[in-house]
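From first to last, the protein sequence lines are chains A and B.
Position one of the first sequence corresponds to residue 1 (UniProt numbering), numbered consecutively onward.
Position one of the second sequence corresponds to residue 1 (UniProt numbering), numbered consecutively onward.
Ideal Cβ placement from N, Cα and C applies to all residues, glycine included.
2 protein chains.
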Amino acid sequence: MEKPVRSGCPINLTLETLGDRWSLIVIRDIMFGNRRHYRDLLNNSEEGIASNILADRLKKLTEAGLLSAAPDPSHKQKTIYSLTEPAIELVPLLAQMGAWGRRHTPASRELSIRAQLLEEGGPPMWNAFMKELRALHLGARPPRRSVTRELNAAYEAELVAGKD
Amino acid sequence: MEKPVRSGCPINLTLETLGDRWSLIVIRDIMFGNRRHYRDLLNNSEEGIASNILADRLKKLTEAGLLSAAPDPSHKQKTIYSLTEPAIELVPLLAQMGAWGRRHTPASRELSIRAQLLEEGGPPMWNAFMKELRALHLGARPPRRSVTRELNAAYEAELVAGKD
DNA sequence: TCACACCACTTGCATTTCGCAAGCAGTTGC
DNA sequence: GCAACTGCTTGCGAAATGCAAGTGGTGTGA
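As structure tokens, this is what we get:
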């Protein structure tokens, strides 16, 4: 029943679960944007994902063990999506993607302060951020310093400054 | 004429050029397998890429400035594909992909010694490897130490040892 | 010189995935 | 009680993918 695996190469295996145009966008929005509900992800995605694609990705990512879905206690109809540990450990990968895109992509605009911070911060900042994600998504003990706050503050400041 | 960009987020921009099932596989084979010709990439790819898809990706990656194509002086009919500097700077990203796939993927078999070496070696090894790629693909001055040789030696040894 | 293998692709066609718009049953807020 | 909102689903045309076969040109051995 399982989809056959093309090869055992770990790069290929990563590509088989995440190698499409939307999976990592969804994870990015949950990770950096802290969007935890379907509607949030659907409407507040800058890229405009289609509803059926979003539903499909949420299902597949959940089946792949990268997300977990739970009912929201404050609202019977809402489902709350959380990152799992494997997804949290995508932080270094996303940091590298951001860094590469920022440097080598034609249209890379200035609106990438978070990628820049993550790039400059390097592994220590990634680790701090991952700790914080574990607190938010896995219920672990929260760290003292909030990297998310730093990232978002910088992002908001930039939005106000040079809106496009 | 250009395809519209979904958003300026650098992660998204990276995904728009590399976010499909084959682009990074092709780059991986050129990068780690040193396959420089169409036939090489077609036949020796473990994943079995289709010929039309390969042609399409080579074209797109060349247009995106990640590969360059040149006639092979030793054989008039052959085209030799080289990585460009932006593609070489994907080494950290691919290293992270390999590391993640090795750790979090169900079928990740032992046949991933290169990913492990690259993971353990960290940024210093990535940099050494990138230097060597610049020598191979851009005609830069070759470094003293060959990381490629190390990686490939380890890979061959493993192939002999635990063939699957 | 002539057949034959090899070169980088193309072409045609069936299957799968994507993307858009609309719809749906249940829930909440006023 | 009704409109707005919840997480999805459905239908359908368009695009991407995968497979097999073919094309025109070239190097190579007899």
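Just to make sure I have the definition right: I need the residues of chain B whose C-beta is within less than 7 Å of the C-beta of residue i. Which are they?
| i | result |
| --- | --- |
| Thr14 (chain A) | Met97, Trp100, Gly101 and Thr105 |
How would you list, in chain order, the residues of chain A whose beta-carbon sits under 7 Å from the beta-carbon of residue i?
| i | result |
| --- | --- |
| residue 166 (chain B) | This structure cannot settle anything about residue 166 (chain B), because the visible part of chain B is limited to 1 through 164. |
| Leu133 (chain B) | Here the premise fails: no neighbours, minimum Cβ distance about 15 Å. |
| Glu47 (chain B) | Arg6, Ser7 and Asn12 |
| Arg28 (chain B) | Ile11 |
Between which two residues does the beta strand (DSSP E) holding residue i run?
| i | result |
| --- | --- |
| Ala70 (chain A) | Leu67 to Pro71 |
| Thr79 (chain A) | Thr79 to Leu83 |
State the Cα-Cα distance for the pair residue i and residue j, rounded to the nearest angstrom.
| i | j | result |
| --- | --- | --- |
| Leu58 (chain A) | Leu90 (chain A) | 16 Å |
| Met31 (chain B) | Leu18 (chain B) | 15 Å |
| Gln116 (chain B) | Glu63 (chain A) | 26 Å |
| Asp164 (chain A) | Pro4 (chain B) | Residue placement at Asp164 (chain A) is poorly supported in this model, since its pLDDT is 36, which falls under 50; the coordinates are not used for a value here. |
| Leu136 (chain A) | Pro71 (chain B) | 54 Å |
| Asn127 (chain A) | Arg28 (chain B) | 27 Å |
| Ser74 (chain B) | Ile80 (chain B) | 10 Å |
| Arg144 (chain B) | Lys76 (chain B) | 32 Å |
| Ser45 (chain B) | Met125 (chain B) | 25 Å |
| Leu133 (chain B) | Arg141 (chain A) | 43 Å |
| Gly121 (chain A) | Asn12 (chain A) | 28 Å |
| Leu83 (chain A) | Met97 (chain A) | 19 Å |
| Met1 (chain A) | Arg21 (chain B) | With a pLDDT of 48 at Met1 (chain A), under the threshold of 50, the predicted position of this residue should be treated as unreliable, though the coordinate-derived value follows. So the two alpha carbons sit approximately 21 Å from each other. |
| Ile113 (chain A) | Leu151 (chain A) | 8 Å |
| Ser146 (chain B) | Lys78 (chain B) | 27 Å |
| Ala99 (chain A) | Cys9 (chain B) | 11 Å |
Cβ closer than 8 Å: which chain A residues qualify as neighbours of residue i?
| i | result |
| --- | --- |
| Ser112 (chain B) | Gly8, Cys9 and Pro10 |
| Leu90 (chain B) | Trp100 |
| Asp20 (chain B) | Gly19, Asp20 and Arg21 |
Let me know if residue i comes out buried or exposed under the rule of 16 or more other beta-carbons within 10 Å of its beta-carbon.
| i | result |
| --- | --- |
| Ala69 (chain A) | exposed |
| Gly101 (chain A) | buried |
| Gly48 (chain B) | exposed |
| Ala55 (chain B) | exposed |
| Thr14 (chain A) | buried |
| Asn43 (chain B) | exposed |
| Gly162 (chain A) | Bear in mind that the predicted position of Gly162 (chain A) carries a pLDDT of just 43, short of 50, making it unreliable; the figure below should be weighed with that in mind. The residue in question, Gly162 (chain A), is exposed, as its Cβ has fewer than 16 Cβ neighbours within 10 Å. |
| Ala87 (chain A) | buried |
| Ser23 (chain A) | buried |
| Ser51 (chain A) | exposed |
| Arg36 (chain B) | buried |
| Leu138 (chain A) | exposed |
| Ala153 (chain B) | exposed |
| Pro92 (chain B) | buried |
Taking residue i as part of the alpha helix (DSSP H), name the residues at either end of that continuous run.
| i | result |
| --- | --- |
| Glu120 (chain A) | Ile113 to Leu138 |
| Gly98 (chain B) | Val91 to His104 |
| Ser51 (chain B) | Ser51 to Glu63 |
| Glu46 (chain A) | Taken as a continuous stretch (DSSP letters only), Glu46 (chain A) belongs to no alpha helix (DSSP H), as it is neither H nor E. |
| Asp29 (chain B) | Ser23 to Gly33 |
| Pro10 (chain A) | Pro10 to Leu18 |
Anything in chain A within Cβ reach of residue i, meaning under 9 Å, just list it in chain order.
| i | result |
| --- | --- |
| Ala115 (chain B) | Cys9, Pro10 and Ile11 |
Residue i: beta carbon under 6 Å from a heavy atom of the ligand FAD?
| i | result |
| --- | --- |
| Ile30 (chain A) | For the ligand FAD, the structure offers nothing, since it holds no ligand at all. |
Would you mind telling me which residues of chain B sit closer than 8 Å to residue i, beta carbon to beta carbon, in chain order?
| i | result |
| --- | --- |
| Pro124 (chain A) | Correct list: empty, because the minimum Cβ distance to chain B is about 13 Å. |
| Gly42 (chain A) | According to the sequence shown, residue 42 (chain A) is Leu rather than Gly. Those do not exist, as Leu42 (chain A) stays about 15 Å from chain B at its closest Cβ, beyond 8 Å. |
| Leu151 (chain A) | By Cβ distance, chain B contributes nothing, its closest Cβ being about 13 Å from Leu151 (chain A), past 8 Å. |
Show which residues of chain B have a CB atom less than 9 Å away from the CB atom of residue i.
| i | result |
| --- | --- |
| Leu138 (chain A) | None at all; the shortest Cβ gap to chain B is about 15 Å. |
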